[in-house]
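S.K.: With the sequence shown counted from 1, adding 1 to any position gets you the working numbering.
This is the structure I have questions about; it appears just below.
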Amino acid sequence: MCFTGEMSAAFAAIGLFSAWWVHSRTNNIELASGIFFFFTMEFLQAIQYYFIAPDLKEGECASTAIEERPIHPCDTYINKVLTLLGFLHICLQPYFCHVINASLTKSCKYKGK
Numbered sequence: 002m003c004f005t006g007e008m009s010a011a012f013a014a015i016g017l018f019s020a021w022w023v024h025s026r027t028n029n030i031e032l033a034s035g036i037f038f039f040f041t042m043e044f045l046q047a048i049q050y051y052f053i054a055p056d057l058k059e060g061e062c063a064s065t066a067i068e069e070r071p072i073h074p075c076d077t078y079i080n081k082v083l084t085l086l087g088f089l090h091i092c093l094q095p096y097f098c099h100v101i102n103a104s105l106t107k108s109c110k111y112k113g114k
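Spelled out as structure tokens, the structure:
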């Protein structure tokens with residue numbers, strides 16, 4: 002199954018609504034912030050669908066030499082920034098998984114760690 006920008010935007014909307022709902026109903030800021038963090042992942046992916054080589058054919062980058070081709074959508078500044086943001090988001094995922102896990106426990110001993 003192939004994902005699309007529209008699917009990522011829909012998942013982002015669901016994630017944003019879920020973060021708001023959890024915060025408004027439970028006042029659990031840690032859980033809401035963890036859900037919001039994963040909303041930003043889907044939102045970033047939805048944005049990337051519109052900037053990262055929308056008309057790129059499979060193997061196109063590999064088929065031409067770098068010196069011979071014009072500036073490709075993969076080489077744009079916005080693509081590089083979005084890729085860096087995606088990388089940073091991946092790096093922060095373990096922390097926010099821990100935040101979500103800690104937000105669901107009632108143990109004072111575990112929360113103190």
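Virtual Cβ for every residue (Gly too), placed ideally from N, Cα, C.
These numbers come from a predicted model, not from an experiment.
#1: Distance check for I36 and S19, CA to CA, integer angstroms please.
#2: For the 8 Å Cβ check, are there 3 or more pairs between the region 23 to 32 and the region 79 to 96?
#3: Work out the CA separation of F52 and L83 for me, nearest whole Å.
#4: Need the endpoints of the alpha helix (DSSP H) that F44 sits in, please.
#5: Within its chain, find whatever has a CB closer than 8 Å to the CB of E31; leave out the 5 residues flanking it on each side and keep chain order.
#6: Would the beta-carbon of A13 fall within 9 Å of that of F40?
#7: Between the C-alpha atoms of Q49 and M42, what's the straight-line distance to the nearest angstrom?
#8: Can you say whether C3 is buried or exposed, counting buried as having 16 or more other CB atoms within 10 angstroms of its CB?
#9: So, for L45: in the same chain, excluding its five sequence neighbours on each side, which residues have a beta-carbon less than 8 Å away from its beta-carbon?
M.R.: In this structure, then:
#1: Here the alpha carbon of S19 sits roughly 7 Å from the alpha carbon of I36.
#2: No contact exists between the region 23 to 32 and the region 79 to 96.
#3: Roughly 9 Å between the two C-alpha positions.
#4: From DSSP, the alpha helix (DSSP H) with F44 extends over I30 to F52.
#5: V100, I101, A103 and S104, listed in sequence order.
#6: Yes.
#7: Answer to the nearest angstrom: the Cα atoms are 10 Å apart.
#8: Exposed: under 16 other Cβ atoms inside 10 Å.
#9: Cβ within range, chain order: L83, L86, G87 and H90.
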